[in-house]
Structure formats: structure tokens, C-alpha cells
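The UniProt record's numbering applies: residue 1 is where the sequence shown begins, and numbers increase by one. Each remark here refers to the structure printed beneath this line.
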Amino acid sequence: MHTLVGRFTSRLGKNYTRVVSRSLATLPKAPQITDIRNVGIIAHIDAGKTTTTERMLYYSGVTNRIGNVDTGDTVTDFLEAERARGITIQSAAITFNWNDHQINLIDTPGHADFNYEVVRSIRVLDGCVTILDGVSGVEALTEKVWKLAAEMQVPRIVYINKMDRPGAGFSRTVREVVSKLKTKVVLLFLPYFEGEEFKGVLDVVNMLRIKYVSQDGRDVEVLPAAETDQNDVFLQARAALIDQLSEFDDAVLDEFIDTNDVQTKTLVEAIRKCTSENNIVPVLCGASFRNIGIQPLMEACTSYLPSPTVPVNSNILTMLAFKVRHDPQRGVMVFVRVYSGQLKRNLQLYNTTTKKKEKVSKLLRMQADNPVEQESFGPGEIAVLLGTNSIRTGDTIVGGPKLTNAQKSIQLQPIQTPPPVFFIRISPKSVGDMRTMKDALDILLREDPSLHLTYDEEAAQYLLSGMGELHLEIATDRLVNELNARVEIGEVMITLKETFAGTSSTVTKSSVDANGGTTTVSVTALSHDSASSHEVSPVSSMSTQIIDQNNVSTVFRGHRLIDGSDVKKQVVYGITPVLARGGFYGHALFGLDFQCEVKISPEAENPDLVTPLIREATIEAISTVHDKSFELLEPVMDVDIQVPRSTMGAVISDLSTNRRGQMKSLEDSEEIGEDNDYMDISKTIWAPVDHTMYMSKHEDGKGNNVRLQARVPLRKMVGYLSTLRSITQGRGAFEMNFSKFSPVPSQDIEDVRNQ
1 MHTLVGRFTS RLGKNYTRVV SRSLATLPKA PQITDIRNVG IIAHIDAGKT TTTERMLYYS
61 GVTNRIGNVD TGDTVTDFLE AERARGITIQ SAAITFNWND HQINLIDTPG HADFNYEVVR
121 SIRVLDGCVT ILDGVSGVEA LTEKVWKLAA EMQVPRIVYI NKMDRPGAGF SRTVREVVSK
181 LKTKVVLLFL PYFEGEEFKG VLDVVNMLRI KYVSQDGRDV EVLPAAETDQ NDVFLQARAA
241 LIDQLSEFDD AVLDEFIDTN DVQTKTLVEA IRKCTSENNI VPVLCGASFR NIGIQPLMEA
301 CTSYLPSPTV PVNSNILTML AFKVRHDPQR GVMVFVRVYS GQLKRNLQLY NTTTKKKEKV
361 SKLLRMQADN PVEQESFGPG EIAVLLGTNS IRTGDTIVGG PKLTNAQKSI QLQPIQTPPP
421 VFFIRISPKS VGDMRTMKDA LDILLREDPS LHLTYDEEAA QYLLSGMGEL HLEIATDRLV
481 NELNARVEIG EVMITLKETF AGTSSTVTKS SVDANGGTTT VSVTALSHDS ASSHEVSPVS
541 SMSTQIIDQN NVSTVFRGHR LIDGSDVKKQ VVYGITPVLA RGGFYGHALF GLDFQCEVKI
601 SPEAENPDLV TPLIREATIE AISTVHDKSF ELLEPVMDVD IQVPRSTMGA VISDLSTNRR
661 GQMKSLEDSE EIGEDNDYMD ISKTIWAPVD HTMYMSKHED GKGNNVRLQA RVPLRKMVGY
721 LSTLRSITQG RGAFEMNFSK FSPVPSQDIE DVRNQ
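Put into C-alpha cells, the structure is as follows:
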């Protein structure tokens, strides 16, 4: 029996030597776009994202030791709050070299409160690695993030982690991937056990058994399939792989018909093509904490995930700002994805979102919290800009010596910000602390657009809103401990809003400035239904701004010396605090249309009177709406619950009776629509023997767990985890995400207002 003992390099399955992968310092300054991979790691919380990332950095030569989440010394989780809690809060970008490719890797959060971090990361990726817990299988948040990646048509690889844990099931998880994530898969690596102990992986493409023999995961024993006891499994897996690829790639089918086999090179090309076209998802496995299976995963990223593409009009520099971060030493750091053109340090930049020129002092390639200065970046690369103070997440940036008006109007698809559902009250401890507090809050808002800030005039307090209790806890912790703001912080509360039916009266206000110039404004407030039938006279100068799902339309009738965009800003400045102030119930207005008309006479030098007039007219217009026309709105959540079958009835009863929940679906119901096709595929796909199949419903149609989906008011979900654990004896789990704002039932209004 012939055994090769070697040290893993970036030539997996081809070159087992003791030469370590080239370090980051040897990266080419201007890599070819075909050698770049922009890859994100996405998963449910605790699936092992950061643990896997730390191993990638170690094996690629970026670090000389392996960081550990439990000991708080990871490279990518560099915030103090991340290291203290052992979770990822902010996405981290890092660059390393593997197999002569440059991988720009983004490690993302797994907690639902930080889902916006995941969304804006996926927006700039060319491929994703989805990490699954081999014990838990496909979990609720995994499905949500997978759906986001699918909607953006981002190719994916699945890595089944924790195969060393008791209860880990490779085949069970594979079948859940097919049925729950609604995709077709190809199995590239299978788990290798010696007795009950997970020892390595079976490489189906290269027909090699790879056994890990050192604790750091570098030294391996490699055997050809024919010389192992697993040769029958290899042959079955190889046949299944060829069969699945031949469905999408004629080259595989033709070669198999001609030779009764398919060369490895043909398989690799077919897997890459089918993955890039989102026809299949390659599946790998490992145990990241035990340093097993990481190098094959890195190899798969370079071999099967696509490189960036360059738009046809590639002469103009176009970039998307997908993340903003404040660093105590370096100041504001703007993370951008370059889509076309060349980003150079002294190039004049233009923000097409804000219509402002931008100046950059330095360009950095970011390796978690360790930057490397660089003179230029090309298409497909991730760069960090220093020296700019106005770019925000989602802005489109262009550059060039002489930009045309059309080029200054280029807009890449923006990153949508979800509505916040929790808020806290914040005020400075003294008048002298106000400036520090405002500066600190501005930093938080630039970094995280899913945080919202409004001002309560009556209470003289600021309201900071976010996606969840943990989200706000982390934000206020950073506000005090990292940004040194001296503030008083209230309790976390649920965000309420209000709207009304019908139309307000049109209110007109006018004022004359010192030069005798007259400014006149008119404001009408309408519900969306009323606005759709409300006639608006056609004009040449009209714009619409969306503020908290309110459409604010501005018609400007004035002279050419006053810029219409300045008038629009004055309207927004005037109306925004009024929307936050609310109407009958005193909560922020939501889902309305405000039609504003502004007239400025030729004698006026500027539009400064617009803001106070719009504010006054809007307050009066809202006051003309009858009190009974107002509705109080509360956030309603989509709740995904997994519980033992034996407790299903009690859980449903609690949701329906005690929490006003509306059941949406029960996974084991017979009518599961389109899922039937993927359920059938999951049952017929070849996979190795798995002794944990009894844990899945795929074995006999009735597993031990069921999945419930319901829509429940957020106020009824406060403290739900303890109730669920009590009902299910600690075996239930749930995730919830914002669905919509809905009217509060009339019988609950007083209770809700008093909470």
C-alpha cells in the first residue's frame, strides 16, 4: 500500500510538499481579474464562520497562529464587543493568497440583529461559502441568507462543518440542503471516519483519501482511492457526480459516452461552469475547530467560484461603498468594491449619490484590523478609502479626469435599509456633553445605516432605533466605551408608528425676506390610497424623497438663480422633524404622501425661508385630519420555530391564544407546493450511509422535529425564548424577522400606549 505523507499547500491533490503557501507580502500588486475571488462566508450563528476564517488565514500564511473565538484572539472579530461575546457583529474584510489567486474574504455576522451587515456584504460578492453545522443541519437564518444570495444570483458552495461532533450527519444535512434551500448539489468531498472518529475527507474529484495526521492540519496521509477500503464508496460517488454534471454539461456526457469515464480536468471545468451559472452547489465537509477540511475548501473557492466580471463601459472608475467604519487612529474608513476602471490615490472622485466631489488621502487593502497601503486597485478588488468624511454606505462613486453629466448620474443598485423595530432614549449627562454625544452618534449612523436617530422635542431626548435588543445593546456599549460619550440611556422599547386614512386640508404659508422676496409653500398630506387618485398638475420641476416610507413630493416654481436641489433639501429639513413628531398618537408618521409646492419670487436671494414654512404648514395640515382617521401601527414579525413533534400542539396554542399569532405554515403539511420537487430529489440523491438519518424526516417522512411559521406582533414576542424552552423542555428554537407594520387592534391600543 503506497502512502504519501506531505504538508498541505495551495496545490491540493497535486503537490504534497513541505513548501508553505506564499504569504500575503508576495501578492502581485495588480492581479489579473481572472485570479481574483470576492468570497463571503455566510451561516447561522455558531456554525463556525469565524473559526473557519481563522484557519484560512493561518494556512495561507497571513497569520502564524490560529485565532480562537473562545479565547477572544481572532483576527476578524477585532471589536472588543465581538471578542467579549464570541460573536461576529461587523463584517470583516481580509485579503490572502491561495493557489496563485487573490481571495478577498468577508466574514459576516450570524445573528439576526445584524442581518443588514450580511445583506450589504452579499451585494459586493461574486461567490459565497455557506457553512452549516453538521449536527443542527439547515437552520432558519441560513435559509434567509441563502435566499438573499439566490435573489442576487451569487454562486454558492456548501461546507458542512463540525463533522467531528456526536450527532453530526453529512447525508442528512445534504438532503436538507436540497429540500430546504431548494437547490441541486454535487458531493465533492465526503467524510472519512475510522470507527467513530472523524479523520479526514474523501476527495471525489481527484479520487484521493486525505487523512489528517497532525493537530495543526498541515500534515496529511494521501492514498489513491483504489488502495483504500473506501474504493466502492469512491466509485459510487464518482458515478453520481458524473451523472449530475451531465444533466447540465454536454462535454461531460459526451466524454462519458466515448470513454466510459470522465477526466478530472473535464469534471473541474464542468463544476466551475455549473456553479457559476447557479445550476448546482458543490458540497464539502470538515471540522474547522480540529483543522480538518479547510484547505480543500480554499481550493474550491479558487477552482469553482467565479472571478469578477467587468462592465462593457470599463474606462470609467465605478465603485460601491458597502461599509463605513470609524477607526480611532485612522479616522473614517470607507470600504468599496471596484466594478470598473482603476482606483488611484490622486484621482478625482465624484459621489453620484450626494452629488459631491470626494478627496482621498490614502488607499488601503484591509486585512481585518491590519491595513496595507497600496497605490491602486483594479476591477473586482476591495479597497479602503481614507480622508473622506461624507461617503455613506450605499453611495455610488465614479472617477475620471473629465466626467460627463451622464457619467455623474451613474447609480449602482443601492443597499436597502430595513426599518428599525426597537428604540432607546438617549440624552447627554450635561449640556457640555451634547457635542461629544452628537459626534459619537454620527459615527454610529455612518457605520450602520440600519440604526436610525430621531429627536423627541417634547421629552428633549434623542431616540436611537435598531433591529433588535442585542443590536441596540452593542450600539450603546460602543457609544459609551469606545466613543467615550457621556450619556443617559433608557430601556429598550418597541417602535410604534401611526398613519391615517383620507386627505388633509391643503395649508399655505407665506413669508417675505429682508429684500422683499416672497416665499410661499403649500402642503397636503394624504394616505397612499388617496394619493393614487389625487390629481397633481404637471410641472417641469418635481422630485420625490422617501422618509420612513413616506413619499415627500416637491414641486418648485421659482427663478433660475435658485437651485431646485437646494429647495428640495430645505423641504426635507423642514418636514423630517414633523414626521418624527407624529399626529394624534404622538408616534412617527408612516406610509403617507406629502405633496409640497414651493414658490419663490425673483426678489428672493435664497430658499432659507422654505424650511420653517414647510414645518409650520405640515404641522397645521396634519392637525386638520380627524382624530378618528388615525391608526396606531406596531411591528409584526415573521417567526420561524423548530420544536419537537410532541410539543407542537402546545406551541401552536400559545402562539394563537396568548400572542395573537397567525399561523402561516407547518412544514410537515401535505401541501408544500413547489417544495415537492426538491423533496423528491433529496430522497433520491446518492449520499453515503448516515446513522443520523433517523433525526430527519427524509427517512420515513416523519422526523422528530417540526417547523412552524407564524406572524406575530413583536410586543407579544418579548421574553418568548423562556416560554418556548419551558414548553419544549429546552428543545425548541426560534428566529424572527421584521415583516411589516400593522394596525394595533382597537382593544389593545390603551395597553400598547401605556407600555
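Glycine included, C-beta positions come from ideal geometry on N, C-alpha and C.
Check whether the segment 463-473 and the segment 594-608 touch, using three or more Cβ-Cβ pairs below 8 Å as the test. no
Under 7 Å between the Cβ atoms of His452 and Pro420? If you number the sequence shown from 1, residue 452 lands on position 452. If you number the sequence shown from 1, residue 420 lands on position 420. In contact: His452 and Pro420 (Cβ atoms closer than 7 Å).
What span of residues does the alpha helix (DSSP H) with Ser726 cover, start to end? Mapped onto the sequence shown, residue 726 falls at position 726. Element bounds for Ser726: Tyr720 to Ile727.
On the three-pair Cβ rule with 8 Å, is the segment 614-630 touching the segment 501-521? yes
Asn405 - DSSP class collapsed to helix/strand/coil: Reading the sequence shown from its first residue, position 405 is the one you call residue 405. The answer is coil: DSSP assigns Asn405 none of H, G, I, E or B.
Inter-residue spacing [alpha-carbon to alpha-carbon] between Arg435 and Ile41: Residue numbering aside, residue 435 sits at position 435 when the sequence shown is read from its first letter. Residue numbering aside, residue 41 sits at position 41 when the sequence shown is read from its first letter. Computed Cα separation, rounded: 38 Å.
Assuming Pro296 is part of the beta strand (DSSP E), what are its boundary residues? Numbered from 1 along the sequence shown, position 296 holds the residue referred to as residue 296. First-last for Pro296: Ile294 to Tyr304, but that is the alpha helix (DSSP H), not the beta strand (DSSP E).
Pick helix, strand or coil for Val689, following the three-state DSSP scheme. On the sequence shown, position 689 is the one that residue 689 refers to. It is coil, neither helix nor strand.
Taking 7 Å as the limit between beta carbons, can you name the residues of its chain near Ile489, skipping five residues before and five after? Taking the first residue of the sequence shown as position 1, residue 489 is located at position 489. These residues qualify, in order along the chain: Ile424, Ile426 and Thr476.
Are any of the Cβ atoms in chain C nearer than 7 Å to that of Thr53? Among the chains in the structure shown there is no chain C, since it carries only a single protein chain.
Let me make sure I understand the geometry here. Which of Tyr462, Glu667, Asp627 and Glu221 has the alpha-carbon closest to that of Pro577? Counting from one through the sequence shown, the residue named residue 577 turns up at place 577. Residue Tyr462 is the option with its Cα nearest to Pro577.
Quick test of your reading: Val213 and Glu221, contact by CB under 8 Å. State the CB separation rounded to the nearest angstrom. Mapped onto the sequence shown, residue 213 falls at position 213. Mapped onto the sequence shown, residue 221 falls at position 221. The Cβ separation is near 6 Å, so the contact holds.
In this structure, how does DSSP classify Thr318 when only helix, strand and coil are distinguished? Numbered from its first residue, the sequence shown carries residue 318 at position 318. Strand at Thr318.
Please report the residue range of the alpha helix (DSSP H) in which Leu635 lies. Sequence index remark: in the sequence shown, residue 635 carries index 635 (1-based). Just to set this straight, residue 635 is Pro in the shown sequence, not Leu. Not the alpha helix (DSSP H): Pro635 falls in the beta strand (DSSP E), residues Phe630 to Pro644.
Could you compute how far the alpha carbon of Val539 sits from the alpha carbon of Arg557? Looking up residue 539 in the sequence shown gives position 539. Looking up residue 557 in the sequence shown gives position 557. Residue confidence for Val539 is low, a pLDDT of 43 falling below 50, so the modelled location carries little weight; the figure read from the coordinates is stated next. Straight-line Cα distance between these residues: approximately 9 Å.
Three-way DSSP call (helix, strand, coil) for Thr544 in this model: Within the sequence shown, numbered from 1, the residue matching residue 544 stands at position 544. Strand.
Helix, strand or coil for Thr108, going by three-state DSSP, please let me know. For the purposes of this step, residue 108 is taken as the residue at position 108 of the sequence shown. Three-state result, Thr108: coil.
Across the segment 520-529 and the segment 641-652, are there enough close Cβ pairs to call them in contact, namely three or more that are closer than 8 Å? no
Our contact map puts Tyr159 next to Ile131 with C-beta atoms below 8 Å; I'd like the distance itself, whole angstroms only. The count along the sequence shown starts at 1 and reaches residue 159 at position 159. The count along the sequence shown starts at 1 and reaches residue 131 at position 131. With 8 Å as the limit, Tyr159 and Ile131 qualify as a contact, their Cβ atoms being about 5 Å apart.
Within the same chain, show all residues whose beta-carbon is closer than 6 Å to that of His587, passing over the 5 residues directly before and after it, in chain order. Residue numbering aside, residue 587 sits at position 587 when the sequence shown is read from its first letter. Closer than 6 Å at Cβ, skipping near neighbours: Leu496, Lys497 and Glu498.
Could you tell me whether the segment 624-640 touches the segment 707-721, where touching means 3 or more Cβ pairs closer than 8 Å? yes
Can you look up Asp593 in the DSSP assignment and give me helix, strand or coil? Counted from its first residue, the sequence shown places residue 593 at position 593. Asp593: strand per DSSP, three-state reduction.
Anyone know if the C-beta pair for Glu176 and Gly137 falls short of 7 Å? Reading the sequence shown from its first residue, position 176 is the one you call residue 176. Reading the sequence shown from its first residue, position 137 is the one you call residue 137. The answer is yes: Cβ separation under 7 Å.
Rounded to whole angstroms, what's the CA-CA distance from Val281 to Gln329? Just pull it up for me. Translated into positions along the sequence shown, residue 281 becomes position 281. Translated into positions along the sequence shown, residue 329 becomes position 329. Their Cα atoms are separated by approximately 42 Å.
In terms of DSSP beta bridges, what is Pro428 paired with? For the purposes of this step, residue 428 is taken as residue 428 along the sequence shown, with counting starting at 1. According to DSSP, Pro428 bridges with Val487.
In whole angstroms, what separates the C-alpha of Phe594 from that of Ala621? By one-based count along the sequence shown, residue 594 stands at place 594. By one-based count along the sequence shown, residue 621 stands at place 621. About 10 Å.
Identify the continuous beta strand (DSSP E) that holds Phe335 and give its terminal residues. Taking the sequence shown and counting its residues from 1, one reaches residue 335 at position 335. Segment Gly331 to Ser340, the beta strand (DSSP E) holding Phe335.
Assign Leu208 to one of two classes, buried (16 or more other C-beta atoms within 10 Å of its C-beta) or exposed (fewer than that). The residue you call residue 208 lines up with position 208 of the sequence shown. Burial call: buried.
What's the gap between the Cα of Gln747 and the Cα of Gly661? For the purposes of this step, residue 747 is identified with residue 747 of the sequence shown, where counting begins at 1. For the purposes of this step, residue 661 is identified with residue 661 of the sequence shown, where counting begins at 1. If you take the alpha carbons of Gln747 and Gly661, they lie about 16 Å apart.
Whole angstroms is fine: what's the gap from Met717's alpha carbon to Arg659's? Here the question's residue 717 lines up with position 717 in the sequence shown. Here the question's residue 659 lines up with position 659 in the sequence shown. Distance between the alpha carbons of Met717 and Arg659 is about 7 Å.
Identified DSSP bridge partners for Ser742: Against the sequence shown, residue 742 aligns to sequence position 742. DSSP, once it has assigned bridges, lists Glu634 as partnering Ser742.
Counting pairs of beta carbons, one from the segment 32-51 and one from the segment 374-391, are three or more of them closer than 8 Å? yes
Status (buried if at least 16 other CB within 10 Å, exposed otherwise) for Leu188: Residue numbering aside, residue 188 sits at position 188 when the sequence shown is read from its first letter. Classification of Leu188: buried, given that the 10 Å Cβ count is 16 or more.
Where do the N-terminal and C-terminal ends of the beta strand (DSSP E) with Gly399 fall, by residue? As a first step, residue 399 must be located in the sequence shown, where it is residue number 399. Thr396 to Gly399 is the span of the beta strand (DSSP E), which, as asked, contains Gly399.
Asp261, buried or exposed, once every other Cβ within 10 Å from all chains shown has been counted against 16: Stepping through the sequence shown from its first residue, residue 261 is reached at position 261. It is exposed - the Cβ of Asp261 has fewer than 16 other Cβ atoms within 10 Å.
Every unbroken alpha helix (DSSP H) within the segment 126-214, with a cutoff of 4 residues, ordered by chain: 140-151 and 170-181
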